[in-house]
Amino acid sequence: MSFPDVVLLFGVGVVSAFLNVMAGGGSALALPVLIFMGLDSALANGTNRVAILIQNIFAVTSFRSLDVHEFRKSLSLTLWALPGAVAGAVVGVTISNTWFQRILAVVMIATVVTLLIPQKSVAEDPAISKKRERLIYPIMIGIGFYGGFIQVSVGFLFMAALYHVMRMNLVLVNMHKVTIVMIYMVPALAVYAWTGNVDWLRGLSLGAGSAVGGWWAARVSVKGGEKAIRIVLVAAILVMAAKLLDLF
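Using the working numbering, you'd call the opening residue of the sequence shown number 40 and step up by one each time.
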């Protein structure tokens, strides 16, 4: 791999990690670059997970340095997402690329619409609240499966679920999201590595930039608050949805 390739991957890593931590969809930038470099789709998918793991390690560390963390809650959510992630990594892609892109575009548009709907601050019966929050666990299994299976834009799904079901503000949503992905990415990456679908040199080059982007995004998320997150989120989802629908 040439030095210009290393520089390119570092730059892509910074941008894709920033998008992933603030919103989602960064892998839609990283994967085409890896494929352009000659990697097949499975190898690119596995290689990208090296960078995703690194980005989230640095994002979690950055959130903790700003005293934004709830590790026990993050861990309880992860334990439900984990089996789904491993199963998704093992199963691999089973639908056509065309239908996947159409479904993903619709999911992302629906996600941005729901995240723009303000949460009602009315009082809720504690029994109803607990029943609603229990829904998050089967949802985590499903999103975990998607993350292990494809990963692209999984951040959008985590954000929508945690925002609406758990009624968290978007700063906490992002903190839990990066912690969950960091933990489940370890066994998911192991599956890809075991099957020989990781280019470690390219993955670590991409990961070096991802460390910078992940750390920076966590700080912007906390300092900028929900307003900054919404701006990046809306822009990222609409651009990616338009691309998947071949609008440009």
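All C-beta atoms in this analysis are idealised placements derived from N, C-alpha and C, irrespective of residue type, glycine included.
Note that this is a predicted model, so its numbers are computed, not measured.
CA-to-CA, the gap between alanine 200 and isoleucine 175 works out to about 7 Å. Our two residues, glycine 127 and leucine 121, have alpha carbons roughly 10 Å apart in a direct line. Its chain contains Glu172 and Ile175 as the residues whose beta carbon lies nearer than 7 Å to that of methionine 205, once the 5 sequence neighbours on both sides are disregarded; these appear in chain order. Taking 7 Å as the cut-off, the beta carbon of threonine 86 is found closer than this to the beta carbon of aspartate 238. In this structure threonine 218 touches valine 99 by the C-beta definition: roughly 5 Å separates them, less than 8 Å.
Assignment of alanine 62 by DSSP, reduced to helix, strand and coil, places it in the coil class.
Residue state for isoleucine 189 is assigned as coil, using DSSP reduced to three classes. For the pair serine 249 and isoleucine 93, the CB atoms are nearer than the 7 Å cut-off. Taking the Cβ atoms as the reference, leucine 48 lies roughly 4 Å from leucine 245, within the contact range of under 8 Å. Per the coordinates, the alpha-carbon of alanine 281 lies some 33 Å from the alpha-carbon of phenylalanine 42. Between glycine 52 and glycine 186 the beta-carbon gap is near 19 Å, outside 8 Å, which marks them as no contact. In this structure, the alpha-carbon of arginine 103 lies about 36 Å from that of aspartate 79. Under the DSSP assignment, serine 41 falls outside any alpha helix (DSSP H); it carries neither an H nor an E label.
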